[in-house]
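Novice:
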Amino acid sequence: MSMESDSLVTVSLAKTKVWALILGPLLAILVYYLLPESYVNGAGETVAFSQGGRACAGVVVLMAFFWFTEAIPIAVTAMVPLVFFPLLGIATPGETMKHYASGTVFLFLGGFLLAAGIHRWHLDRRIALVTIRIFGTNPKQMVFGMLMSTAFLSAWVSNSATAAMMCPIAVAMLALVRSTQTEQKIGKDERNFGVCMLLAVAYAASIGGCATIVGSPPNGIFARFLSDAYGLEVSFLQWFSVAIPVTLIMLPIVFFALCYIFFPIKMKVGRIREFH
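Each residue of the sequence shown is one higher than the one before, counting from 4 in this note's numbering.
1. Comparing the CB of residue 174 with every heavy atom of the ligand HEM, is any distance shorter than 7 Å?
2. Helix, strand or coil, according to DSSP, for residue 53 in the structure here?
3. From the DSSP output, which residues share a beta bridge with residue 42?
4. Using the three-state DSSP reduction, which class does residue 75 fall into: helix, strand or coil?
5. Just to confirm my understanding: we take residue 51, look at its own chain, exclude 5 residues before and 5 after, and list those with CB closer than 6 Å. What are they?
6. With the cut-off set at 8 Å, would you say residue 168 and residue 150 are in Cβ contact?
7. Tell me whether residue 127 is buried or exposed, calling it buried when 16 or more other Cβ atoms sit within 10 Å of its Cβ.
8. Count the C-beta pairs between the segment 199-209 and the segment 135-146 that are closer than 8 Å, then say yes if the count reaches three, no if not.
9. Please tell me whether residue 58 and residue 36 are closer than 8 Å, where the distance is taken between their beta carbons.
10. Pull up the CB-CB distance for residue 160 and residue 216, whole angstroms please, since I reckon it's below 8 Å.
11. Quick one, which of 53, 73 and 44 has its alpha-carbon nearest residue 25's?
12. Give me the residue from 247, 222 and 250 with the minimum Cα distance to residue 237.
13. Report yes if the CB atom of residue 214 is closer than 8 Å to the CB atom of residue 165, and no otherwise.
14. Go to residue 149, then tell me how far its alpha helix (DSSP H) extends in each direction, as first and last residue.
15. Confirm, please, whether the CB-CB distance from residue 101 to residue 192 is below 8 Å.
16. Just the C-alpha distance for residue 105 and residue 239, rounded to the nearest angstrom, thanks.
17. Note down the Cα distance separating residue 69 from residue 232, rounded to an integer number of angstroms.
18. Measuring CB to CB, does residue 142 end up less than 8 Å from residue 196?
19. Starting from the C-beta of residue 31, find all residues in its chain whose C-beta is less than 7 Å away, skip the five residues before and the five after it, and write them out in chain order.
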């Protein structure tokens, strides 16, 4: 019975992808022909909407639809402009390909490689263990240690990748605390501790991701926008000098809000003696 249901799901997904492959180009063509040939800008002037501009809007819709439906692999969707931009006269092959080799792209690539190396050699666990040894194994101290270790990792690795790496560690800490409890039923304080631990990972990943340019993809995109649009080059140290004070201020605020205001932790177990 399960094999039949699995085969039905596979067939259904295949049909969905076929329809997506047909509907995506149709939507792109529809957008191209529905867009006007001219528009009025902010100064009240009538400006021609070029064929390349309307074609670019159609390609954007096509890519968004393919990303949403996953009709083709996401990596293949990212290469769509390499084919359609020169073909539709939106940009030359050289102008199109240079954006795939920009410094921002290699900056992201370096962050992803760093995340892969950290995950491969379990450096995230080592950092978490060292942080807990420094801050202690009291429940509130564990939350603060999780905040600090997650924020530190997120400063050098994508925030989403950091959250994915640190969540299993947070769950392991919750299991450790559960093993010290005598009551089988999870009480309010223990539930608050669990909520604080998981929210600490989420908030610290976002806060730490603001500390450096490589901490989050939008950081690099914004730095690239400043360079292209205004000619302002933001170096790694300039970004760090501005963002690190904000990061160091936000982390204690989040800790206090989580553990003392929204989900107060008043556990009666004392200190956890062992942590492996």
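All C-beta atoms in this analysis are idealised placements derived from N, C-alpha and C, irrespective of residue type, glycine included.
Since the model is a prediction, treat every value here as computed from it, not as a measurement.
Specialist: The answer reads as follows:
1. For the structure depicted, the ligand HEM is absent and the ligand set is empty, with no information on it obtainable.
2. Coil.
3. Checking the DSSP bridge columns, you'll see residue 42 partnered with 50.
4. coil
5. 41
6. No, these two residues do not count as a Cβ contact at 8 Å.
7. By the 10 Å Cβ count, residue 127 comes out buried.
8. yes
9. no
10. The beta-carbon distance between residue 160 and residue 216, rounded to whole angstroms, is 12 Å. This is too long to meet the 8 Å contact definition.
11. 73
12. 222
13. no
14. Taken as a continuous stretch (DSSP letters only), the alpha helix (DSSP H) holding residue 149 covers 142-157.
15. no
16. Roughly 16 Å between the two C-alpha positions.
17. 29 Å
18. yes
19. 61, 62, 64 and 65
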